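Below is one structure, written out as C-alpha cells; comments come after it.
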Amino acid sequence: VLTRLYSSVFRSFRRHGIKRLLLLGKATRDILYNKPRFDVRTVLLLARMLSQSDYALFENVAREVDKLGITIINQDEYLQHLFLQPGRYGKKLTTEQLKDIEFGLQHAREMNRLDIGQTVVVGKRSVLAVEAAEGTDQCIVRGGDLFHNKGAVVCKLSKEQHDLRFDIPATGSATLDSMARSGCRVLAFDSRRTFVVIPSEFIRSARNANITVLAVDAGQRTDLAYLKKLNGRAASLP
Numbered sequence: 393v394l395t396r397l398y399s400s401v402f403r404s405f406r407r408h409g410i411k412r413l414l415l416l417g418k419a420t421r422d423i424l425y426n427k428p429r430f431d432v433r434t435v436l437l438l439a440r441m442l443s444q445s446d447y448a449l450f451e452n453v454a455r456e457v458d459k460l461g462i463t464i465i466n467q468d469e470y471l472q473h474l475f476l477q478p479g480r481y482g483k484k485l486t487t488e489q490l491k492d493i494e495f496g497l498q499h500a501r502e503m504n505r506l507d508i509g510q511t512v513v514v515g516k517r518s519v520l521a522v523e524a525a526e527g528t529d530q531c532i533v534r535g536g537d538l539f540h541n542k543g544a545v546v547c548k549l550s551k552e553q554h555d556l557r558f559d560i561p562a563t564g565s566a567t568l569d570s571m572a573r574s575g576c577r578v579l580a581f582d583s584r585r586t587f588v589v590i591p592s593e594f595i596r597s598a599r600n601a602n603i604t605v606l607a608v609d610a611g612q613r614t615d616l617a618y619l620k621k622l623n624g625r626a627a628s629l630p
C-alpha cells in the first residue's frame, strides 16, 4: 500500500465500491529503506509523520483509507477460530521455565508499550533478544543461539490497548522452525490476541519438535501462581 498510495490498489477500491477492508499478511520494514519507489502522496505522508514505527505507519495509512470512505475492520472479526484456548499444549513445564515465562511476558509487554516489537527471547531470567525491525524469526534465532541451544523461552504479546485493525500477533510453522533451529523449547503468548495459523497442524508440529506452547490469558494475569495453575492441566483443541 505504501509504495502505491492512491494508485492502482486504491483506484480499484473506488471502482468496485469497496467500503470495508480487512488487512492481513506481512509487510517488512525494508520497503521503507531498500530503494523505495514512493509516489508523491506517500512522500508527503511520511514527511508528516513524527515517527516511522509500525503503529505510526498503520495509523497514518488508516487515515488515508478513511478519506476514501473505507472502514478498516478488526482483524479478528472473521478469525476467532485461529485463537487457542488458554492452557498448556505439550510437555509439562518446569518451575524455572515458568519463571522465565513470567519474566519474558513482563518484558514483552514493556517492549510493546515502547512500540519496539512483540517478541522477547529469554533464558534464566535474562533477556537474550528483543524483536525490532528485523522481525520475529530472526529475533528467535538470535536469542536461541545466544543461549547455546539450551532451551530458551520465546514470549509474544500485543499491546495492552492494541488496535485490532492492525498487526495482531501471529504464529505458525515459521516460528516453530526458527525455534527448533536455535534450540528454543517454550513458546508463550496471549491466547486472546495471537492468531495461530492452522492450529491443529501447529500443535502437532510443536509436539514433534519437542516445543511446549503455553497460551495465557494476558488480559487477566501473568504471575507465577497463574502460570503454575495453567501448567497443571494439558489443553487440547476443540
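For the sequence shown, my numbering assigns the number 393 to the initial residue and increments by one for each residue that follows. Think of the CB as a built atom: it goes at the ideal place given N, C-alpha and C, for glycine as much as any other residue. Model, not experiment: these values are computed from the prediction.
Nearest to residue i (by Cα), restricted to the options the options
i           : options            : result
residue 547 : 599, 496, 571, 630 : 496
residue 459 : 542, 515, 411      : 411
residue 494 : 483, 402, 506, 513 : 513
residue 544 : 489, 484, 609      : 489
residue 615 : 506, 480, 498      : 498
residue 586 : 601, 517, 559, 486 : 559
residue 606 : 484, 457, 527      : 484
residue 405 : 437, 417, 434, 464 : 464
residue 578 : 593, 502, 486      : 486
residue 610 : 435, 430, 584      : 584
residue 501 : 407, 525, 580      : 580
residue 515 : 542, 526, 523      : 542
residue 454 : 527, 409, 402      : 402
residue 418 : 527, 539, 620      : 527
Beta-carbon proximity of residue i to residue j, cut-off 8 Å
i           : j           : result
residue 603 : residue 572 : yes
residue 510 : residue 549 : yes
residue 569 : residue 608 : no
residue 598 : residue 470 : no
residue 415 : residue 462 : no
residue 529 : residue 446 : no
residue 561 : residue 474 : no
residue 437 : residue 451 : no
Assigned exposure category for residue i - 16 Cβ within 10 Å defines buried
i           : result
residue 624 : exposed
residue 467 : buried
residue 630 : exposed
residue 352 : Only positions 393 to 630 of the chain appear in this structure, which leaves residue 352 out of reach.
residue 492 : buried
residue 535 : buried
residue 397 : Annotation note: pLDDT 49 at residue 397 (below 50); position unreliable, no value reported.
Other residues of its chain near residue i: CB distance less than 6 Å, five sequence neighbours each side excluded
i           : result
residue 589 : 564
residue 551 : 504
residue 537 : 574
residue 539 : 515, 520
Residues bridged to residue i (per DSSP)
i           : result
residue 548 : 511, 581
residue 413 : 464
residue 506 : Note: residue 506 sits in no beta bridge, so no partner.
residue 480 : 606, 626
residue 563 : 588
residue 521 : 513
Proximal residues to residue i (C-beta, below 8 Å), its chain only, five neighbours per side dropped
i           : result
residue 532 : 511, 513, 521, 546, 567, 570, 571, 574, 576
residue 627 : 476, 477, 478, 479, 480, 481, 607
residue 612 : 618
residue 593 : 565
residue 601 : 568, 571, 572
Cut-off 7 Å between Cβ atoms - residues of its own chain near residue i, not counting five sequence neighbours on either side
i           : result
residue 517 : 491, 492, 495
residue 622 : 478, 479, 480, 606, 608
residue 524 : 508, 509
residue 432 : none
heavy atom of the ligand NAD below 7 Å from residue i C-beta
i           : result
residue 478 : No copy of the ligand NAD appears in this structure; indeed no ligand is present at all.
is_contact[residue i, chain B] using C-beta, thresh 8 Å
i           : result
residue 629 : In the structure shown, chain B does not exist; there is a single protein chain.
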